[in-house]
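In UniProt numbering, the protein residues as written are 1 to 333.
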């Protein structure tokens with residue numbers, strides 16, 4: 001007869017799964033972050049920064065998977081990310097908002113062999129507090145000028161040993177650590193976020209705010225231009241539309257010599273321009289009985305041409321930046 005051995009599940013595991021299940025039901029956004037090699041003290045710093053905004057749990061992947069099943073979520077969506085060491089973040093924040101929030105904080109750590117500098121690495125002038133000895137040769141390799149005073153190593157002047165992007169000399173690591181200099185930035189690497197049944201890979205959470213702003217402004221500009229073109233019935237849009245219609249009406253009136261108190265100046269100016277141009281063209285061939293200044297036709301025609309070109313450009317461009325600036329906010333509330 002076969003003997004069935006039953007293993008008692010530790011109480012802490014049962015409680016852990018229950019707690020995770022509760023959080024999965026309570027929070028709409030779940031984020032899985034890779035903490036492989038991530039300093040424990042820096043994770044603690046992130047916990048403090050997120051206090052009141054999110055909760056972080058470091059637990060076994062297998063327990064999290066059990067909690068997913070108990071919470072009624074599809075664990076297969078998470079399965080590819082349940083490898084290595086992970087931290088699980090539970091929050092009411094939008095995952096993009098959480099990513100931006102974390103990106104604001106520059107956490108630093110001490111340099112390790114193979115690291116590159118994220119900022120200029122400077123060994124400052126002054127007392128290092130290090131006893132003179134073999135360390136002097138290390139300072140020499142780094143081309144840091146020193147002197148020995150009272151048995152201690154003094155640095156004579158601020159010395160840059162690495163610029164942003166440069167490899168940090170491996171021999172500098174212990175010196176930097178003793179001086180409390182942390183030249184390497186670290187951030188929590190998000191593997192995936194889950195919100196409203198949608199899985200969002202970590203790399204898709206990266207947003208270039210400047211580019212995004214430019215795209216929104218461009219869309220805003222195009223929307224306002226279209227609204228002006230179709231005379232969309234919105235007060236701020238109609239102001240610009242009316243101005244454009246008035247300009248076009250005066251231009252048309254000048255072209256067909258339609259005279260009203262508002263158009264008479266444009267009609268006369270247009271007629272004078274054409275008259276001078278014609279007089280200049282035939283003055284050498286026909287005796288007009290008047291003296292036409294040699295430069296008059298060119299001077300009269302040139303502004304007219306420029307005005308025509310300008311009007312055409314304005315019609316192609318649509319409303320000006322000033323006009324759009326006036327109506328931009330009101331169009332979209």
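Beta carbons are placed, not taken as given, at the ideal position from N, Cα and C, and that holds for glycine.
Judged by their CB atoms, residue 106 and residue 185 are nearer to each other than the 8 angstroms cut-off. With 16 or more other CB atoms across the displayed protein chains lying within 10 angstroms of its CB, residue 191 is buried. Inter-residue distance for residue 125 and residue 23 is about 51 angstroms (C-alpha atoms, whole angstroms). Shortest Cα-Cα distance from residue 28 to any of 123, 77, 69, 197 involves 197. In chain order, 148, 151, 152, 153 place their CB closer than 8 angstroms to the CB of residue 132, counting only its own chain and leaving out the 5 sequence neighbours on each side. The C-alpha of residue 219 lies about 14 angstroms from the C-alpha of residue 210. Following the DSSP letters along the chain, one finds residue 189 inside the beta strand (DSSP E) bounded by residues 189–195. Secondary structure at residue 34: strand, using DSSP grouped into helix, strand and coil.
Taking 8 angstroms as the cut-off, the Cβ atoms of residue 59 and residue 15 do not count as close.
Residue 239 and residue 254 have their C-alpha atoms some 23 angstroms from each other. Ranked by Cα distance from residue 32, the first of 21, 88, 247, 228 is 88.
Proximity to residue 96 across 248, 206, 222 peaks at 206, based on C-alpha coordinates. Secondary structure at residue 149: strand, using DSSP grouped into helix, strand and coil.
Counting only runs of 3+ residues, the beta strand (DSSP E) found wholly inside the region 72–103 occupies 86–91, in chain order.
Secondary structure at residue 144: coil, using DSSP grouped into helix, strand and coil. If you look at residue 199, you'll find it isn't in any alpha helix (DSSP H); it sits in the beta strand (DSSP E) that goes 198–201.
Per DSSP, residue 114 has no beta-bridge partner at all.
About 7 angstroms separates the Cβ atoms of residue 172 and residue 111, confirming a contact at the 8 angstroms cut-off. Contact between residue 108 and residue 182 is confirmed by a C-beta separation of about 4 angstroms, below the 8 angstroms threshold.
With respect to the C-alpha of residue 45, the residue from 56, 274, 271 having the closest C-alpha is 56. Judged by DSSP in its simplified three-state form, residue 217 adopts helix. Separation of residue 167 and residue 189 (C-alpha to C-alpha, rounded to the nearest whole angstrom) is 22 angstroms. DSSP places residue 245 in the uninterrupted alpha helix (DSSP H) bounded by 235–256. Counting of Cβ neighbours within 10 angstroms places residue 194 among the buried residues, the total reaching 16 or more. Residue 64 and residue 48 have their C-alpha atoms roughly 23 angstroms apart.
Within the DSSP bridge table, the entry for residue 54 names 91 as partners.
Shown here for residue 77: same chain residues with a beta carbon closer than 8 angstroms to its own, the five before and five after excluded, namely 194, 199 in chain order. In its chain, beyond the 5 residues on either side, 24, 75, 78 have a beta carbon closer than 7 angstroms to the beta carbon of residue 68. If only uninterrupted alpha helix (DSSP H) runs of at least 4 residues are considered, those enclosed by the region 152–187 are 173–178. Residue range 107–109 is occupied by the beta strand (DSSP E) that includes residue 108.
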